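Structure first, commentary second.
Numbering (our numbering), first residue to last: 3 to 323.
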């Protein structure tokens with residue numbers, strides 16, 4: 003590693019205190035916080051490290067010493083596109099900061115659909131007392147998870163331990179089953195086989211060329227009619243038009259969706275009108291503790307970088323995530 007004394011770290015997150023003890027404990031580093039494009043353009047020229055989410059194009063236009071981009075997000079497909087001409091720059095993800103809130107959000111969505119909370123909320127707003135019958139329990143049913151990164155593994159753990167679910171998983175590459183996962187499936191044929199056994203499926207996969215529209219019409223048709231689909235990964239992993247058609251004609255029981263192919267979801271999108279669909283605005287990863295986890299992760303990574311040690315969460319450019 004080159005000499006790191008006086009290394010400049012540009013933080014593009016307005017609410018981060020550069021004097022935080024975790025950051026100040028790392029010697030030989032100068033921190034600059036800049037939140038608007040003009041300040042970022044000015045400060046990025048000599049920055050060796052950039053930590054944040056947005057303004058990467060501005061940074062790349064002016065940076066002369068940049069060696070590492072530490073993204074706060076778990077999904078980094080947009081970063082990979084912009085860094086394609088810069089193979090010398092390391093890109094790391096924020097994986098690990100969002101596992102708990104997103105797993106909680108998964109079960110909030112799943113329970114809201116299964117318990118038909120939309121029906122109850124609509125009746126409450128109208129001051130109408132109409133008990134809902136015929137709902138399904140989660141306990142003892144089968145949950146399939148598409149994508150078993152840190153978020154998918156936390157969903158598996160919570161589902162198996164918290165709701166006594168039988169958990170199946172799908173991955174693009176073979177590995178040992180993580181905690182809580184009874185069996186793993188691989189490839190498109192494996193995905194279809196898994197979905198045939200599922201009462202509900204959670205999409206937690208990152209977006210990559212291999213995962214785009216992984217859940218297409220053929221895959222969705224493998225699910226039984228009582229199945230519920232939850233997506234907290236990336237909207238483009240599901241063929242949204244195919245999902246909509248199957249929700250409209252009753253081939254699927256419902257969906258809980260936090261991500262979409264186009265965001266914000268357009269006002270005239272038919273998904274808004276479906277009573278069996280719960281929509282949230284890509285906020286599954288928010289909580290009062292996320293910034294704390296992001297800061298701890300970045301400080302740990304920066305210590306490694308300064309010491310010349312390998313970084314964790316390095317994005318795989320070949321795989322696209």
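Ideal placement from N, C-alpha and C gives every residue a C-beta, glycine not left out. Note that the structure is a prediction, hence the values are computed from the model and not measured.
Rounded distance between the beta-carbons of residue j and residue i, thought under 8 Å
| i | j | result |
| --- | --- | --- |
| residue 42 | residue 101 | Between residue 101 and residue 42 the Cβ distance is about 29 Å, and since that is not below 8 Å, they are no contact. |
| residue 209 | residue 77 | 6 Å |
| residue 235 | residue 263 | Their Cβ separation, rounded to whole angstroms, is 12 Å, which puts residue 235 and residue 263 out of contact at 8 Å. |
| residue 297 | residue 18 | 7 Å |
| residue 217 | residue 148 | 7 Å |
| residue 193 | residue 172 | 5 Å |
| residue 250 | residue 230 | Actually they do not touch by this definition, with Cβ atoms about 15 Å apart. |
| residue 97 | residue 315 | 5 Å |
| residue 258 | residue 112 | 6 Å |
| residue 115 | residue 240 | The pair is not a contact, with the Cβ atoms about 15 Å apart (cut-off 8 Å). |
| residue 206 | residue 151 | 7 Å |
With 16 other Cβ atoms within 10 Å as the buried cut-off, status of residue i
| i | result |
| --- | --- |
| residue 252 | exposed |
| residue 290 | exposed |
| residue 285 | exposed |
| residue 70 | buried |
| residue 311 | exposed |
| residue 163 | exposed |
| residue 129 | exposed |
| residue 242 | buried |
| residue 107 | buried |
| residue 123 | exposed |
| residue 260 | buried |
| residue 127 | exposed |
DSSP three-state assignment for residue i, whether helix, strand or coil
| i | result |
| --- | --- |
| residue 262 | coil |
| residue 9 | strand |
| residue 257 | strand |
| residue 72 | strand |
| residue 43 | helix |
| residue 237 | helix |
| residue 292 | helix |
| residue 315 | coil |
| residue 54 | strand |
| residue 18 | coil |
| residue 231 | strand |
Residue span of the alpha helix (DSSP H) that contains residue i, given as start and end
| i | result |
| --- | --- |
| residue 26 | 23-26 |
| residue 110 | 101-116 |
| residue 159 | 152-164 |
| residue 279 | Premise fails: residue 279 lies in the beta strand (DSSP E), 279-281, not in any alpha helix (DSSP H). |
| residue 124 | 119-127 |
| residue 219 | 219-222 |
| residue 168 | Taken as a continuous stretch (DSSP letters only), residue 168 belongs to no alpha helix (DSSP H), being part of the beta strand (DSSP E) at 168-173. |
| residue 64 | 58-64 |
| residue 84 | 79-85 |
| residue 246 | 242-250 |
Min CB distance residue i to chain D below 7 Å
| i | result |
| --- | --- |
| residue 238 | Protein chain content of the structure displayed is limited to a single chain, and chain D is not contained in it. |
Other residues of its chain near residue i: CB distance less than 6 Å, five sequence neighbours each side excluded
| i | result |
| --- | --- |
| residue 23 | none |
| residue 51 | 11 and 70 |
| residue 67 | 48 and 50 |
| residue 323 | 208 and 210 |
| residue 160 | 105 |
| residue 183 | 158, 169 and 171 |
The beta strand (DSSP E) enclosing residue i, as first and last residue numbers
| i | result |
| --- | --- |
| residue 2 | This structure leaves residue 2 out entirely; the chain is present only between 3 and 323. |
| residue 202 | 202-205 |
| residue 145 | 144-148 |
| residue 95 | Premise fails: residue 95 is in no beta strand (DSSP E) and is neither H nor E. |
| residue 323 | No beta strand (DSSP E) contains residue 323, which DSSP labels as neither H nor E. |
Cβ shell of residue i (< 8 Å), same chain only, five flanking positions each side left out
| i | result |
| --- | --- |
| residue 28 | 301, 304, 305 and 308 |
| residue 84 | 58, 59 and 62 |
| residue 16 | 35 and 37 |
| residue 5 | Confidence is the limiting factor: at residue 5 the pLDDT is only 40, short of 50, which leaves the residue's position unreliable, though a coordinate-based value still follows. Nothing meets the Cβ criterion. |
| residue 188 | 172, 173, 174, 175 and 176 |
| residue 199 | 144, 146 and 170 |
| residue 32 | 8, 9, 10 and 11 |
Cβ-heavy atom distance, residue i to the ligand ATP, below 6 Å
| i | result |
| --- | --- |
| residue 96 | In terms of ligand content, the structure shown is empty, and the ligand ATP therefore cannot be addressed. |
Beta-carbon proximity list for residue i, same chain, < 7 Å, skipping 5 on both sides
| i | result |
| --- | --- |
| residue 292 | 99, 100 and 103 |
| residue 118 | 134 and 137 |
| residue 313 | 92, 94, 303, 306 and 307 |
| residue 244 | 218, 219 and 222 |
| residue 196 | 146, 170, 172 and 187 |
| residue 3 | With a pLDDT of only 34 at residue 3, under 50, the local geometry of the prediction cannot be trusted, and the value read off the model is given with reservation. Only 310 meet the Cβ criterion. |
| residue 319 | 82 |
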